[in-house]
Structures are given as C-alpha cells and as structure tokens.
Amino acid sequence: MKSLIHISNSLNLTKQEFTTVEKHILLITLLHLKNRQGFGVNVDDKLIVTFPATDIKETNLVRIKDSLDKITSRKIFFDESTKSKDYFGYIVPFTYANYEAKVGAHSTITVELNSRCNKLFLELANGYTTTDLQTILSLKSVHAIRMYELLMMYRKKNEWLVEIDRLKGLLGLNLSAYKSFTDFETRILKYTQKELSERCGLYFDWEIAAKERKKIVALKFSIREAEGLERELLAEETSKTIDYVSSLGDIQVASKVRAACEKYTLSEKQIQWILASQERISELIRIDLIIEDKTTKGKGPKNRTKYLAKSLGLDKLS
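When we follow numbering that gives the first Met the number 0, the leftmost residue of the sequence shown carries the number 0, and every step to the right adds one.
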C-alpha cells in the first residue's frame with residue numbers, strides 16, 4: 000500500500016526554499032499529521048512529530064545534521080492577494096528539529112511546527128492535492144518533487160496554464176535564473192519530464208501559451224498519469240466516503256443515498272432494495288464515485304444507469 004499524503008493547495012502554491020532532504024522531512028511530517036487534517040480543524044494545537052530517521056532515505060549523518068540545522072530557518076513565501084486586497088508574507092514552518100540515536104535502538108527525528116503554519120498544514124477546506132510519498136522519495140531533484148506536486152494538483156483538469164515567472168517562484172528559483180528559455184526548458188522542464196515519466200508514471204508536455212514581443216512569458220502543460228495511482232487515489236477517497244456514511248444515522252443515510260439515486264433512472268423498488276443493505280449502500284457510493292471519476296476524465300460510461308445497474312446487480316431484480 001502506498002503512503003498517500005494530502006497537501007493543502009494553500010501550501011502547495013507557496014514558494015519554498017527546501018533542499019531535497021528537507022522536503023522529505025516536510026512531507027513525512029505531513030504523513031504523520033494526516034489523521035489530524037480535515038475541514039474546519041483546530042489550528043491552535045501544538046504540533047510535534049517524531050518518525051524513524053530512515054524514512055528520509057538519507058544515511059549520511061553530516062547531511063542529516065546540515066538539513067536539520069537549515070530547516071529551522073527555511074522560509075515559505077505565501078501570497079494570497081486578491082484584486083481588492085494585498086496579503087503576502089514569509090513564515091518559517093519548523094521551529095525545532097533534532098536527531099536521536101541510541102545504541103541498539105532505531106534513530107529518530109523530531110520536529111516541531113510553528114503554530115502559525117498549522118492552517119497551511121492541516122486545513123483542507125480550500126482544496127488539497129493527494130500525492131504518493133514513496134514516489135516522491137524516489138525523486139532525485141527538489142525541482143522534480145515540486146513539479147510532481149504541482150502537476151498532481153491539476154491532473155484532473157489534464158492541463159495547467161502558468162506564467163513562467165510564477166512557475167519559477169513555485170519551483171524555488173530566482174526570477175533571474177535561466178533567463179534564456181532554452182536553458183530553462185533543457186535544465187528544468189526536460190529534466191523533470193524525464194524523471195517524472197521514469198519514476199512516477201506521470202507524463203507531461205508543454206507548449207507556449209503567451210509571448211511579449213519575442214519573450215516567452217507563459218506555458219500550458221498537458222498532463223497524463225499512469226492508471227495505477229489513479230485507482231489507488233480513488234480507492235482511498237471511496238474508503239473515506241464509506242467510513243463517513245457508516246457514521247451517519249438512518250435518516251441521513253437514506254437522504255444521501257436518494258441524492259445519489261437522483262443522478263440515475265432507478266425505480267422505487269430498486270432504491271428500496273439498495274436501502275435494505277448497508278453493503279449495497281456502500282457499493283452504491285463506490286460505483287457512483289467511479290462513474291464520477293471516469294466522467295471527469297472524459298471516459299464516462301455512455302449509459303450511466305445501465306453501468307450502475309449492472310455493477311450493483313439491479314439488472315437481475317425481478
């Protein structure tokens with residue numbers, strides 16, 4: 000089972016200064032905070048996370064020491080400005096970090112989060128991106144990690160339009176870096192394209208979206224990914240939905256199921272048959288999620304009701 004983590008879109012769209020090892024620490028921290036993430040969460044809690052040092056895939060103690068030293072001063076730049084209001088700033092997410100290794104015991108890393116970062120790390124109400132930690136840990140470049148996170152954010156839309164200066168910022172690059180588009184394309188885009196296709200099964204291409212005179216100022220990315228991860232993401236979302244339904248009362252369950260049934264042409268007898276079994280209710284929700292996921296990707300069934308009926312066994316009711 001892969002280790003799926005949720006990155007709030009607010010955090011994903013910040014400019015970050017982390018190295019590859021430091022980024023691993025941040026993402027492993029997110030994995031350990033996963034059960035505390037959600038919608039309308041308490042963001043005032045003190046957050047301290049301890050995990051095995053082997054998780055960061057780095058064995059050199061000098062590099063580990065250097066990473067823990069620098070991660071407590073690395074800044075995240077956020078910009079949530081709107082047309083009517085400017086709101087941006089910097090924040091240091093990690094206030095404390097240590098490494099501990101005892102003879103005959105596993106080594107551990109402990110980090111403490113700046114409480115002002117709790118909302119960025121925990122609150123998912125404004126959208127979030129699901130990524131696979133093991134896939135990220137296989138990537139060699141922090142730029143490849145950031146491209147993976149950003150492209151996964153737009154994977155359901157299959158495309159992403161972005162200004163080059165904005166993209167550079169999201170990748171942690173200075174605007175003065177790679178002034179030549181050819182250099183930027185060769186050293187960043189083509190390199191990350193190769194690494195993501197080989198290690199993640201995530202495929203992307205780009206085309207020029209806008210120019211100012213002869214200068215290329217914006218790109219449009221097209222995104223495709225291997226079906227394996229799509230299935231796992233769907234499975235996790237399905238599981239979360241079924242757990243949620245199991246926690247509801249009978250009246251609430253009936254209301255939720257009827258809302259789903261309204262998408263399809265079902266008889267009252269078929270609806271009552273579904274409502275008579277918790278297993279059928281869970282299966283209805285699972286199949287409905289699959290249909291919605293396929294439809295979002297432009298691969299939806301020609302006849303939604305027929306697909307649902309066959310999957311649930313409704314077509315066999317007398």
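Glycine residues also receive a C-beta, built at the ideal position from the N, C-alpha and C atoms.
Quick caveat, the model's predicted, so the values are computed rather than measured.
query, result
"Straight-line gap, residue 178 to residue 204 (C-alpha atoms, nearest Å)", "21 angstroms"
"Distance CB(residue 19)-CB(residue 144) smaller than 8 angstroms", "yes"
"Residue 180 versus residue 168 - alpha carbon distance", "15 angstroms"
"Start-end ranges of the beta strand (DSSP E) lying completely within the stretch 188-227, minimum 3 residues", "201-211 and 214-224"
"Backbone secondary structure at residue 384 - three-state DSSP", "It is not possible to answer for residue 384, since the shown part of the chain is limited to 0 through 317."
"Buried or exposed (CB count within 10 angstroms, at least 16 for buried), residue 148", "buried"
"Assigned exposure category for residue 35 - 16 Cβ within 10 Å defines buried", "exposed"
"Given residue 146 as reference, the closest of 194, 87 and 89 once Cα atoms are compared", "194"
"Nearest candidate by alpha-carbon position, reference residue 37, set 307, 14 and 124", "124"
"Delimiting residues of the beta strand (DSSP E) encompassing residue 97", "93-99"
"Environment of residue 0 [buried if 16+ CB atoms lie within 10 Å]", "With a pLDDT of 41 at residue 0, under the threshold of 50, the modelled position of this residue cannot be trusted, and the question is left open."
"Coarse secondary structure for residue 87, derived from DSSP in three states", "strand"
"Of the listed residues 182, 92, 222 and 198, nearest to residue 156 (C-alpha basis)", "222"
"Spatially closest choice to residue 32 from 120, 80, 220 and 176, by CA coordinates", "120"
"Contacts around residue 23, its chain only, beta-carbon distance under 8 angstroms, and the 5 residues preceding and following it disregarded", "54, 55, 56, 57, 135 and 136"
"Inter-residue CB distance, residue 290 and residue 299 (contact presumed, cutoff 8 angstroms)", "6 angstroms"
"Length of the line joining the Cα atoms of residue 50 and residue 93", "15 angstroms"
"Proximal residues to residue 202 (C-beta, below 6 angstroms), its chain only, five neighbours per side dropped", "196 and 223"
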